[in-house]
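In our numbering, the protein residues as written are -9 to 517.
We put the beta carbon where it would ideally sit given N, CA and C, even for glycine.
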């Protein structure tokens, strides 16, 4: 008889574990399955911390990238002064399996708190693909063998690179949204050869990771929140298919997709809020006002005055964002970008996807324009759309109408947020910059279940799978769980064929957890 590996392993210490098939959608990219932030994992703890419900913890190098998972490994990236690091850990124990280094070829512009290892890797299980703004792309086998390198850059983003690559049908896809020369890159994941590089004129600095959209009657599309607009590109060619105007001037979040409806939030300046817009003038009038040396440009040292437009152009405020070529002057093109940025609007939008060309008028279902977060994405889970803003206020929306269902402060977690919320097991997990994790019930009328302190900064978004939540702090990667689990140690296709296999499982578990094999009891449910 072939017995499926749905086995309960119980130690005499009272620890219980379940071996079961891995979920169908692994957390293989930034923010999990298609960037949704949602897992079908169960039995996740509400209470955890550095000394509570810790399955394992491992010291990791500096870096803001989020962990991604294969069936047996955890991958993440890091850096030190001169090296860029790709790291693989054993998913069951946290043991470091391998570490590979790439040269830090240069040091492109970075704006705090961004760093040189912010984009998250992506894995297909057999390989892991990592991107660094100071190097480019590299591919490694699951066992750490380097497969190829593709040097890229240098890049010109205001804050440095933020978008992570995604994998679609053997193509690595990466949006390069920079202040000049933006493009969409498609790379053959097997060979590292560029399949397409499509220019995207009019797109300036952005930091959003794409979402895969699969229309019922059209080929797969890559949806990218860009400056001022949402655009869809054919996944296989990079050709632009449709777009929706009306996004913020600077996009950082990942879209939440539900069928043919997408939810996306964006924030540029406080002056992009309704009622706070600053009036601007055409370039010719700007020259008359500021161009004191008559060179046909507006220099940063020529900005004087105390009017709202003057204050927006100050070198210690908005000027660096408008100076796209970093030469400390604004030409006519940059002045047009300045005006466009100031006329754009912050907000959260629900957008109906699909079509050809400019679909703005028919696509926007609703818009919310009270303050929205700078970085964290929304989470569609438990019948509600959740959003946490930069001061620790959690809002749940009716996804169909945009109506606010509940709004309240996350008591004990009033802080900045860079990590996006994630959801599983009927819970929403929200991690603040100072490492406070709020766990709330995933329902429109949410309630706080627990507040946990990790005692270290967090910029990375957690990963979730098989009863574990993986949280990267400034110095440590934690795996938290209610039970010890060896689900990752055995592949989902594992079967017990004889009684000797039970002994093998017990021995493996005893080695893994340093328990006597005689203390482990195996219970089997056949099917």
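Going by alpha carbons, who is nearest to residue 23 out of 156, 73 and 99? 156
In terms of alpha-carbon separation, which member of 276, 292 and 180 lies closest to residue 283?
292
Considering only the beta carbon of each residue, do residue 436 and residue 401 sit closer than 8 Å?
-> no
Status (buried if at least 16 other CB within 10 Å, exposed otherwise) for residue 549 = Look at the range of the chain in this structure, -9 to 517, and you will see that residue 549 is not part of it.
TODO: Mind checking who residue 521 pairs with in its DSSP beta bridge?
DONE: No answer is possible for residue 521: the residues shown for the chain start at -9 and end at 517.
Nonlocal neighbours in the same chain, by C-beta distance under 6 Å from residue 374, ignoring five residues either side: Hits under 6 Å: 386 and 434.
- Could you pull out every residue in the same chain whose Cβ sits closer than 6 Å to the Cβ of residue 252, ignoring the five residues on either side in sequence? 245, 341 and 343
Item to complete: Compare the beta carbon distance of residue 362 and residue 442 with 8 Å and say whether it is the shorter of the two.
Response: no
Taking the C-alpha atoms as reference points, what is the distance between residue 447 and residue 51? 14 Å
Run through the DSSP bridge pairs and tell me what residue 46 is partnered with.
Paired residue(s): 469.
Original post:
Buried or exposed: residue 404, going by 16 or more other Cβ atoms within 10 Å of its Cβ?
Top reply: exposed
Per the contact definition of three or more C-beta pairs closer than 8 Å, is the region 103 to 110 in contact with the region 48 to 62? yes
Residue 518 versus residue 230 - alpha carbon distance:
Residue 518 lies beyond the residue range present for the chain, which begins at -9 and ends at 517; the question has no answer from this structure.
Considering only the alpha carbon of each residue, which of 260, 217 and 150 lies closest to residue 307? 260
Exercise. So what does residue 438 bridge to, in DSSP terms?
Worked result: 430
Considering only C-alpha positions, which residue in the set 169, 86, 338 and 376 is nearest to residue 317? Nearest C-alpha to residue 317: 169.
Worksheet entry | Three-state secondary structure (DSSP) of residue 326 | The answer is helix: DSSP assigns residue 326 an H, G or I state.
**Prompt:** So residue 66 and residue 53 are in contact, right, with Cβ under 8 Å, and what is the actual spacing, rounded?
**Reply:** About 7 Å separates the beta carbons of residue 66 and residue 53, which is inside the 8 Å limit, making them a contact pair.
Q. Which residue spans inside the region 265 to 317 form an unbroken alpha helix (DSSP H) run of at least 4?
A. 273 to 280, 298 to 302 and 309 to 312
Since residue 102 is in the alpha helix (DSSP H), which residue starts that stretch and which ends it? Run containing residue 102: none; DSSP gives neither H nor E here.
- request: Could you spell out where the beta strand (DSSP E) holding residue 340 opens and where it closes?
  value: Looking at the DSSP string, the run of the beta strand (DSSP E) that includes residue 340 is 337 to 342.
What's the C-alpha gap between residue 41 and residue 90?
30 Å
Outcome for residue 204 when other beta-carbon atoms lying within 10 angstroms are tallied against a minimum of 16: exposed
_Just to confirm the assignment, what range does the alpha helix (DSSP H) spanning residue 352 have?_
350 to 353
> How is residue 146 classed by DSSP in three states: helix, strand or coil?
Replying inline: Judged by DSSP in its simplified three-state form, residue 146 adopts coil rather than helix or strand.
Legend entry - Own chain partners of residue 377 with C-beta closer than 6 Å, once the 5 adjacent residues on each side are dropped: 368 and 385
Bridge partners of residue 396, per DSSP? 386
TODO: Answer with buried or exposed for residue 153, where buried requires no fewer than 16 other C-beta atoms within 10 angstroms of its C-beta.
DONE: It is buried - the Cβ of residue 153 has at least 16 other Cβ atoms within 10 Å.
When burial is assigned at 16 or more other CB atoms within 10 Å of the CB, is residue 294 buried or exposed? exposed
Straight-line CA distance for residue 114 to residue 180? 11 Å
### Task
Tell me whether the beta-carbon of residue 470 lies closer than 8 Å to the beta-carbon of residue 459.
yes
- Using beta-carbon positions only, say whether residue 92 and residue 150 come within less than 8 Å of one another. no
Taking the beta strand (DSSP E) that residue 377 belongs to, which residues open and close that run? 374 to 378
Which listed residue (68, 21 and 192) has its alpha carbon closest to that of residue 466 | 68
### Query
Exposed or buried, residue 346, counting other C-beta atoms within 10 Å across all chains shown (16 or more means buried)?
exposed
- Query: residue 73 to residue 207, Cα distance in whole Å?
  - Reply: 46 Å
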